[in-house]
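Here is the structure we will look at, set down as structure tokens.
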Amino acid sequence: MKLLTFIKISFGFAWCLVMLFSCNGHMNMDMGGTVSARNVTEQTFSNPLAVPAVLDGTNATLAAKSGTAILGSRITVNALGYGGAAILGPTIRLQQGAQFNLTFSNNLSEATNLHWHGLEVPAKQDGYPSDLTQPGGTFVYQFTIKNRPGTYWYHPHPDMATARQAYRGLAGFFLVSSPEEEALGLPSGAFDVPLVVQDKRLDGGLVYDPNTNDRSIGMFGETVLVNGTAGAMLEVATRTYRLRLLNGSNARIYNFALSTGAKFQLIGTDGGLIGAAKEISTVLLAPAERADVLVNFGNLTVGTELYLQSNAFDGTESQGKQFFKILKFKVVHQVTDDSNMPTALMPVEKIPESQSVTTRSFDIGHMMQHGNGMNNMIMHTINGKTFDANRRDELVKAGTVEIWEFDNTKGTETHPMHLHAGSFQVLSRTGGRGLIEPWEYGWKDTVLAFPGEKVRIIVRFPDLKGKFVFHCHNLEHEDGGMMLNYEIQ
Ligand code: C2O
Ligand code: CU
Ligand code: CU
Numbered sequence: 138m139k140l141l142t143f144i145k146i147s148f149g150f151a152w153c154l155v156m157l158f159s160c161n162g163h164m165n166m167d168m169g170g171t172v173s174a175r176n177v178t179e180q181t182f183s184n185p186l187a188v189p190a191v192l193d194g195t196n197a198t199l200a201a202k203s204g205t206a207i208l209g210s211r212i213t214v215n216a217l218g219y220g221g222a223a224i225l226g227p228t229i230r231l232q233q234g235a236q237f238n239l240t241f242s243n244n245l246s247e248a249t250n251l252h253w254h255g256l257e258v259p260a261k262q263d264g265y266p267s268d269l270t271q272p273g274g275t276f277v278y279q280f281t282i283k284n285r286p287g288t289y290w291y292h293p294h295p296d297m298a299t300a301r302q303a304y305r306g307l308a309g310f311f312l313v314s315s316p317e318e319e320a321l322g323l324p325s326g327a328f329d330v331p332l333v334v335q336d337k338r339l340d341g342g343l344v345y346d347p348n349t350n351d352r353s354i355g356m357f358g359e360t361v362l363v364n365g366t367a368g369a370m371l372e373v374a375t376r377t378y379r380l381r382l383l384n385g386s387n388a389r390i391y392n393f394a395l396s397t398g399a400k401f402q403l404i405g406t407d408g409g410l411i412g413a414a415k416e417i418s419t420v421l422l423a424p425a426e427r428a429d430v431l432v433n434f435g436n437l438t439v440g441t442e443l444y445l446q447s448n449a450f451d452g453t454e455s456q457g458k459q460f461f462k463i464l465k466f467k468v469v470h471q472v473t474d475d476s477n478m479p480t481a482l483m484p485v486e487k488i489p490e491s492q493s494v495t496t497r498s499f500d501i502g503h504m505m506q507h508g509n510g511m512n513n514m515i516m517h518t519i520n521g522k523t524f525d526a527n528r529r530d531e532l533v534k535a536g537t538v539e540i541w542e543f544d545n546t547k548g549t550e551t552h553p554m555h556l557h558a559g560s561f562q563v564l565s566r567t568g569g570r571g572l573i574e575p576w577e578y579g580w581k582d583t584v585l586a587f588p589g590e591k592v593r594i595i596v597r598f599p600d601l602k603g604k605f606v607f608h609c610h611n612l613e614h615e616d617g618g619m620m621l622n623y624e625i626q
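If you count the sequence shown from 1, you need to add 137 to reach the numbering used here.
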């Protein structure tokens, strides 16, 4: 019995070696979801957290370029950044209703564009995957800010290069506010901190070189960066902070929590503030999802150290098993908290299901294999199709309401599904978790479907005529073709 097991293991091991040497990393070719993500390596959390510069986008310029980024002590990599930053880009801050006007210059050696994730902008301004600015070129982005006050972001969106460009550093926050929001008296200035969390693979620098497994489950790194800082530490005062959490990773899901187990207040989701603060102790964010939270350090004594961490969760074979720390908070100042804890934030008007004119169903649980052996390519599909800029997959009418369902019942991987051109509401989730999470009740533009789940959303299409995309925001899946077109007419 024991001998037999030994033989089996040896045989399995030998077989792996054969595969490894003959195909170099192309094992498990059709086993999406059964491969494990790379684990996170614990940092020392001694590097001061970088906070991106703020850019007023009413009349701005922004250039993308490559340069040398310092991610922490002794970690220097070649990365991409916007607006003079060596990695990431400035936080664009604008008022609702303002006119956005930005001249973008492409100082990279490859074509790129900008997508305003979560914002309702005309099709020609949205960074459609084939609307590109060539190296040395410029493009003027111009639109009115229609969105509610909240946490949005921007990143490149070229077909089959989004994952690489975002991974190498291109992304930034886009924060919208309004006089109504300011009147709420939420923590502001230095107490309103955007936090973009991203995992990177730093052996050999910040190189984007996914193997077949990475293309299948997504690119996972062992080093977690917050605002581009590895092992980040933030000194805080004994008061309430507004933390704007953005999962800017290519594929990793985080189950955010505080190491003290303390509860915090959820005040906003992808599409802005919610009706009233909600007390939670964890928030699970897939790539591209955001959560606006209030964290109170007021009852802690100076000298206390605590962490923002990711708790293990019931995920898939590929991720969820590991607990790891993300960011250290160090309480250094004793102050009196002058921030307000409003009971009402901003009403979220529910879209009635009865207004829906049609239901569209999207099967997101299937993969396609192209080629075989060494040239094997895994394509994730939506309704069996992969992206084609010249095909119109869905046609919708401006102003109408529809229900879309993302069906991952037969799938083995997690898919955060994202729609361009505005926000939606989550109606239901059946299978898997079987519920709508507390952080999914506000406006959303990305919703996570675990294997076995079917998620229904309701959306009112804005009065923006043109062609937009919807896709999985696991960026390896997106670049692998898990993206379709829809036209608003
Ligand atoms: Cu944040 Cu189409 O993407
Ligand atoms: Cu988007
Ligand atoms: Cu996916």
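By construction, the Cβ of each residue, glycine as well, lies at the ideal position given by its N, Cα and C atoms.
{"Asked": "Any non-hydrogen atom of ligand 2 closer than 7 Å to H557 Cβ", "Found": "yes"}
{"Asked": "Under the three-state DSSP convention, the category Q471 falls into", "Found": "coil"}
{"Asked": "Any beta strand (DSSP E) of 3 or more consecutive residues that is wholly inside the region 395-465", "Found": "401-406, 409-417, 420-422, 427-433, 442-447"}
{"Asked": "heavy atom of ligand 2 below 7 Å from H254 C-beta", "Found": "yes"}
{"Asked": "beta-carbon A425 near ligand 1 non-hydrogen atom, thresh 7 Å", "Found": "yes"}
{"Asked": "Expected contact under 8 Å - CB spacing of L239 and T366 to nearest Å", "Found": "Contact flag wrong, Cβ pair sits at about 26 Å."}
{"Asked": "Coil, strand or helix - D336 by DSSP", "Found": "strand"}
{"Asked": "Local conformation of S491 per DSSP, three classes", "Found": "helix"}
{"Asked": "Nearest residue (CA-CA) to I625, options S565, D530, G326, S447", "Found": "D530"}
{"Asked": "Per-residue burial, M470 [other beta carbons within 10 Å of its own, 16 or more giving buried]", "Found": "In the sequence as presented, Met is not what sits at residue 470; that position holds His. H470 is exposed by the Cβ-count criterion."}
{"Asked": "Endpoints, alpha helix (DSSP H) assigned at P316", "Found": "316-320"}
{"Asked": "Contacting residues, own chain, Cβ-Cβ under 6 Å from L696 (five flanking each side not counted)", "Found": "What is shown of the chain runs 138 to 626, which leaves residue 696 out entirely."}
{"Asked": "Simplified DSSP assignment, three categories, for Q236", "Found": "strand"}
{"Asked": "Rounded straight-line distance, which links the Cα of S314 to that of R285", "Found": "7 Å"}
{"Asked": "Whole-angstrom C-beta distance between I540 and R593, which should lie under 8 Å", "Found": "6 Å"}
{"Asked": "Where E542 falls: helix, strand or coil (DSSP)", "Found": "strand"}
{"Asked": "Residues of its chain near V277, where Cβ-Cβ distance is below 8 Å and the 5 sequence neighbours each way are ignored", "Found": "N238, L239, T240, F241"}
{"Asked": "Stretch-stretch touch, CB-based, cutoff 8 Å, three pairs: the region 335-346 with the region 255-268", "Found": "no"}
{"Asked": "Length of the line joining the Cα atoms of A300 and T473", "Found": "44 Å"}
{"Asked": "Limits of the unbroken beta strand (DSSP E) element including Q302", "Found": "First-last for Q302: 299-304, but that is the alpha helix (DSSP H), not the beta strand (DSSP E)."}
{"Asked": "Cβ shell of F450 (< 7 Å), same chain only, five flanking positions each side left out", "Found": "N392, L421, G457"}
{"Asked": "S629, enclosing beta strand (DSSP E) - first and last residue", "Found": "Here the chain comprises residues numbered 138 to 626, so residue 629 is not present and cannot be evaluated."}
{"Asked": "Where N161 falls, given that 16 or more other Cβ within 10 Å makes a residue buried", "Found": "With a pLDDT of only 36 at N161, under 50, the local geometry of the prediction cannot be trusted, and no value is derived from it."}
{"Asked": "beta-carbon M620 near ligand 3 non-hydrogen atom, thresh 7 Å", "Found": "no"}
{"Asked": "Expected contact under 8 Å - CB spacing of M356 and I519 to nearest Å", "Found": "At roughly 20 Å, the Cβ-Cβ gap does not stay under 8 Å, so M356 and I519 are not in contact."}
{"Asked": "Range of the contiguous alpha helix (DSSP H) that encloses H614", "Found": "612-616"}
{"Asked": "Cβ contact (3+ pairs, closer than 8 Å) linking the region 346-355 and the region 384-404", "Found": "yes"}
{"Asked": "Stretch-stretch touch, CB-based, cutoff 8 Å, three pairs: the region 577-592 with the region 520-527", "Found": "no"}
{"Asked": "Neighbourhood of T453 by C-beta distance below 8 Å, restricted to the same chain and skipping five residues each side", "Found": "G170, T549, E550, T551, F587, P588"}
{"Asked": "Assigned exposure category for T275 - 16 Cβ within 10 Å defines buried", "Found": "exposed"}
{"Asked": "DSSP three-state assignment for Q626, whether helix, strand or coil", "Found": "coil"}
{"Asked": "T288: first and last residue of the uninterrupted beta strand (DSSP E) it sits in", "Found": "287-292"}
{"Asked": "Per DSSP, cross-strand counterpart(s) of A197", "Found": "L239"}
{"Asked": "Coil, strand or helix - F587 by DSSP", "Found": "coil"}
{"Asked": "T546 versus G502: straight-line alpha-carbon distance, rounded", "Found": "7 Å"}
{"Asked": "Where F393 falls: helix, strand or coil (DSSP)", "Found": "strand"}
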